[in-house]
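>
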Amino acid sequence: MTTLPTGPAIGGGAEVELRPCGRDAVLAEVADSAAARSLAAHVRASGVAVTEVVPGARTVLLDGVGDRERLDGVLRSWRPDVGEIAGELVEVPVVYDGADLADVAARWGTDEEGVVARHTATEFVSAFCGFAPGFAYLAGLPEADAVPRLASPRPRVPAGAVALAGTWCGVYPSASPGGWRLLGRTDLVLWDPDRDPPALLAPGTRVRFRAV
Amino acid sequence: MVLTVVRAGPLTLVQDRGRTGLAHLGVPRAGPLDRPAAELANRLVGNGPDAALLEVTGGGLELVSDAGVWVAVTGAEVEVDVDGAGRGLHRAERLPAGSLLRLGAPVRGLRSFVAVAGGVDVPAVLGSRSTDTLAWVGPPRVLDGATLPVGVPQGPPEAVDAPRLPRPGRLRVRPGPRADWFGSDALRRLCQAAYVVGADSNRVGLRLEGPALERVRTEELPSEGVVLGAVQVPPNGQPVVFLADHPPTGGYPVLAVVHPDDLWQCGQARPGETLRFVTGA
Numbered sequence: 001m002t003t004l005p006t007g008p009a010i011g012g013g014a015e016v017e018l019r020p021c022g023r024d025a026v027l028a029e030v031a032d033s034a035a036a037r038s039l040a041a042h043v044r045a046s047g048v049a050v051t052e053v054v055p056g057a058r059t060v061l062l063d064g065v066g067d068r069e070r071l072d073g074v075l076r077s078w079r080p081d082v083g084e085i086a087g088e089l090v091e092v093p094v095v096y097d098g099a100d101l102a103d104v105a106a107r108w109g110t111d112e113e114g115v116v117a118r119h120t121a122t123e124f125v126s127a128f129c130g131f132a133p134g135f136a137y138l139a140g141l142p143e144a145d146a147v148p149r150l151a152s153p154r155p156r157v158p159a160g161a162v163a164l165a166g167t168w169c170g171v172y173p174s175a176s177p178g179g180w181r182l183l184g185r186t187d188l189v190l191w192d193p194d195r196d197p198p199a200l201l202a203p204g205t206r207v208r209f210r211a212v
Numbered sequence: 001m002v003l004t005v006v007r008a009g010p011l012t013l014v015q016d017r018g019r020t021g022l023a024h025l026g027v028p029r030a031g032p033l034d035r036p037a038a039e040l041a042n043r044l045v046g047n048g049p050d051a052a053l054l055e056v057t058g059g060g061l062e063l064v065s066d067a068g069v070w071v072a073v074t075g076a077e078v079e080v081d082v083d084g085a086g087r088g089l090h091r092a093e094r095l096p097a098g099s100l101l102r103l104g105a106p107v108r109g110l111r112s113f114v115a116v117a118g119g120v121d122v123p124a125v126l127g128s129r130s131t132d133t134l135a136w137v138g139p140p141r142v143l144d145g146a147t148l149p150v151g152v153p154q155g156p157p158e159a160v161d162a163p164r165l166p167r168p169g170r171l172r173v174r175p176g177p178r179a180d181w182f183g184s185d186a187l188r189r190l191c192q193a194a195y196v197v198g199a200d201s202n203r204v205g206l207r208l209e210g211p212a213l214e215r216v217r218t219e220e221l222p223s224e225g226v227v228l229g230a231v232q233v234p235p236n237g238q239p240v241v242f243l244a245d246h247p248p249t250g251g252y253p254v255l256a257v258v259h260p261d262d263l264w265q266c267g268q269a270r271p272g273e274t275l276r277f278v279t280g281a
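Chains A and U are the protein sequences, given in the same order.
FYI, in UniProt numbering the residues of the first sequence are 1 to 212.
FYI, in UniProt numbering the residues of the second sequence are 1 to 281.
This is how it looks when you write it as structure tokens:
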């Protein structure tokens with residue numbers, strides 16, 4: 001593992017740890033998902049030659065690296081204190097009738113209206129996509145509101161289901177098996193290959209849910 | 001002109017070089033599982049490297065062209081015939097109008113590549129004519145009775161001296177991002193044992209069975225980006241090599257990464273066969 005200091009750390013000791021990833025890639029590990037989003041945006045903006053920039057929960061995978069030395073320079077010039085990149089805001093209308101609404105209410109020590117109020121008051125941000133095309137992991141819930149996944153996943157969660165797992169919120173782009181706790185559903189099309197970009201909630205997008 | 005697929009066999013897909021730059025949206029790369037064989041097939045019929053061709057898993061393909069066309073079959077060792085007359089592998093062959101091209105079952109290897117001069121010209125999805133079988137992005141799976149448009153031939157077929165295909169050997173691996181989660185001698189342990197290809201292997205991953213690879217760090221791994229060829233180790237300790245349709249992010253630690261030039265062997269490995277790893281290059 002190489003530890004790459006990112007220059008004069010403002011706000012204390014922030015650094016990127018580079019983990020080897022075969023011949024053509026490197027995994028940059030940072031403090032949290034906000035730092036990963038920031039680093040991913042920084043690498044993209046730099047124009048350095050890479051095929052894929054894939055933010056994760058606290059990493060950025062840089063695959064198809066053309067010039068490793070230049071990439072190292074770009075990583076060094078990143079400052080984690082530049083703050084959140086304000087992405088586009090998408091409002092997601094939700095019918096809050098999910099099968100796990102009462103369960104989440106009990107875990108949060110409130111009632112169903114309380115869950116809706118808390119969920120719609122939170123500004124989420126798309127941290128990364130995975131699981132399925134267009135499935136965005138939305139960060140924003142505090143650690144205290146984390147909910148465990150279902151012990152046994154449902155065989156079929158319908159497209160548009162709005163759900164929670166851990167501190168993540170997600171909206172299923174298509175019907176699939178799923179172990180997240182269902183709060184409600186939306187009619188928004190999360191994934192459309194004929195749209196550019198095809199994912200409605202690409203990493204960096206800010207998201208607000210609205211009860212309808 | 002069009003190809004009509006009389007029989008598609010167990011699994012036939014249209015593939016080109018795949019989709020890049022969309023992993024952060026959750027879209028797999030796809031592309032042929034034996035890249036050198038696919039590239040050779042395209043070269044043999046005079047296609048450029050971006051042309052789409054057929055990836056045929058387990059043989060059994062039968063197709064007819066409505067016009068005379070050059071074709072080439074590469075990859076797995078299969079019998080190829082045109083109207084019952086045997087034809088060669090790894091060379092350009094003329095398929096007359098109305099004649100039936102037929103692939104037998106593979107004797108060695110698993111995946112054949114059938115290139116046609118001009119390329120398979122189905123509509124691209126997100127910039128590629130590849131089908132990924134994880135999310136089914138791309139052209140539909142090729143089924144019995146399918147008609148496939150063919151593009152305009154780009155150049156003459158390659159007459160002789162086809163470049164030699166790579167030979168199988170040990171799979172070279174380099175350290176993956178979480179090699180340290182498995183202890184200091186983990187790569188050595190991976191390379192000491194023989195691993196048997198599991199029956200549930202597919203285009204997403206090659207599932208291997210052998211000595212369990214134990215972790216020294218057992219905490220949950222937050223989801224992170226995963227590369228093609230990653231050797232991911234789930235809690236049961238049995239490694240999975242991520243192939244072209246792998247999910248762009250994963251939650252299990254990656255011990256090693258297979259050298260890109262050796263990955264084609266994973267695409268040709270049949271269930272029950274043995275693979276070995278070696279560290280280096």
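Cβ coordinates follow ideal geometry from the N, Cα and C atoms, glycine included.
Report the rounded CA-to-CA distance for asparagine 47 of chain U versus aspartate 34 of chain U, giving the unit in angstroms.
17 Å
> Determine which residues share a DSSP beta bridge with tyrosine 195 of chain U and list them.
According to DSSP, which records beta bridges pairwise, tyrosine 195 of chain U is partnered with U:Leu275.
> Interface residues of chain U around glycine 56 of chain A at Cβ under 7 Å?
Pro222, Ser223, Glu224, Gly225, Thr249
> Answer with yes or no whether the minimum CB distance from valine 73 of chain U to chain A is below 8 Å.
no
> Quick one, are the C-beta atoms of aspartate 63 of chain A and aspartate 24 of chain A less than 8 Å apart?
The Cβ atoms of aspartate 63 of chain A and aspartate 24 of chain A lie closer than 8 Å to each other.
> On the DSSP letters alone, give me the boundaries of the beta strand (DSSP E) that residue 250 of chain A sits inside.
Outside the displayed span of chain A (1 to 212) sits residue 250 of chain A, for which this structure offers no information.
> Have a look at A:Arg79, A:Val50, A:Arg58, A:Thr59 and flag the residue whose alpha-carbon is nearest the alpha-carbon of glycine 66 of chain A.
Nearest C-alpha to glycine 66 of chain A among A:Arg79, A:Val50, A:Arg58, A:Thr59: A:Val50.
> Distance cutoff 8 Å, beta carbons only. Does leucine 89 of chain U sit that close to anything in chain A?
no
> Quick one: which residues of the region 17 to 44 of chain U get their C-beta closer than 9 Å to a C-beta of chain A? List them in chain order.
Thr20, Gly21, Leu22, Ala23, His24, Leu25, Gly26, Val27, Pro28, Arg29
> For serine 112 of chain U, tell me which candidate among U:Gly18, U:Pro222, U:Glu55, U:Asn236 has the shortest Cα-Cα distance.
U:Glu55
> Taking only beta-carbon atoms, is valine 53 of chain A less than 8 Å away from chain U?
Using a CB distance cut-off of 8 Å, valine 53 of chain A counts as an interface residue toward chain U.
> Rounded to whole angstroms, what is the Cα-Cα separation between glycine 12 of chain A and aspartate 180 of chain U?
Residue confidence for glycine 12 of chain A is low, a pLDDT of 38 falling below 50, so the modelled location carries little weight; the figure read from the coordinates is stated next. Spanning the two alpha carbons is a distance of roughly 26 Å.
> Exposed or buried, what is leucine 89 of chain A when buried is set at 16 or more other beta-carbons lying within 10 Å of its beta-carbon?
exposed
> Which ranges would you report for the beta strand (DSSP E) in the region 41 to 86 of chain U if only whole runs of at least 3 residues count?
53 to 57, 62 to 65, 69 to 77, 80 to 82
> Classify serine 38 of chain A as helix, strand or coil using the three-state DSSP reduction.
helix
> Report the residue ranges of all beta strand (DSSP E) runs contained in full by the region 147 to 184 of chain U; include only those spanning at least 3 residues, in chain order.
You should have 147 to 149, 171 to 175.
> Is the Cβ of aspartate 59 of chain A closer than 8 Å to any Cβ of chain U?
Checking the displayed sequence, the identity of residue 59 of chain A turns out to be threonine instead of aspartate. So, interface residue.
> For the pair the region 129 to 138 of chain A and the region 160 to 173 of chain A, tell me if three or more CB-CB distances fall below 8 Å.
yes
> Please report the residue range of the alpha helix (DSSP H) in which glutamine 265 of chain U lies.
That run of the alpha helix (DSSP H) goes 264 to 268.
> Within the continuous beta strand (DSSP E) that includes glycine 114 of chain A, where are the two ends?
Taken as a continuous stretch (DSSP letters only), glycine 114 of chain A belongs to no beta strand (DSSP E), being part of the alpha helix (DSSP H) at 112 to 121.
> Sort out for me which residues DSSP pairs glycine 250 of chain U with in a bridge.
U:Glu224
> Per DSSP, what kind of secondary structure is tryptophan 180 of chain A in: helix, strand or coil?
coil
> When the Cβ atoms of the region 165 to 173 of chain U are set against those of the region 252 to 268 of chain U, are three or more pairs found closer than 8 Å?
Counting Cβ pairs under 8 Å, three or more are found: they touch.
> Quick one: grab the DSSP three-state call for alanine 115 of chain U.
strand
> Starting from arginine 206 of chain A, trace the beta strand (DSSP E) in both directions and tell me its first and last residue.
206 to 211
> Confirm, please, whether the CB-CB distance from leucine 182 of chain A to glycine 98 of chain A is below 8 Å.
yes
> Kindly list the residues whose CB is nearer than 6 Å to the CB of proline 5 of chain A, restricted to its own chain and excluding five residues on each side of it in sequence; keep chain order.
Residue confidence is low: proline 5 of chain A scores 48 on pLDDT, short of 50, so the model does not pin down where it sits. Its coordinate-derived value is still stated next. Glu15, listed in sequence order.
> Does the structure place the region 240 to 252 of chain U close enough to the region 34 to 51 of chain A that three or more beta carbon pairs sit under 8 Å?
no
> May I ask you to list, following chain order, the residues of the region 150 to 174 of chain A that have a beta carbon less than 9 Å from some beta carbon of chain U?
Pro173, Ser174
> Taking the beta carbon of glutamine 192 of chain U as the centre, do at least 16 other beta carbons fall within 10 Å, making it buried, or is it exposed?
exposed
> Evaluate tryptophan 136 of chain U with the Cβ neighbour count: other Cβ atoms within 10 Å of its Cβ, from every protein chain shown; 16 or more gives buried, anything less gives exposed.
That one is exposed.
> Sort out for me which residues DSSP pairs leucine 187 of chain U with in a bridge.
Partner(s): none; leucine 187 of chain U has no beta bridge.
> Taking 8 Å as the threshold (C-beta atoms), are valine 69 of chain U and leucine 110 of chain U in contact?
Going by C-beta atoms, leucine 110 of chain U is not nearer than 8 Å to valine 69 of chain U.
> Beta-carbon separation of valine 257 of chain U and glycine 237 of chain U under 8 Å?
no
> What is the DSSP secondary structure of alanine 45 of chain A, reduced to helix, strand or coil?
Here alanine 45 of chain A sits in helix by DSSP.
> Could you check the C-alpha separation between glutamine 232 of chain U and threonine 4 of chain U for me, to the nearest Å?
40 Å
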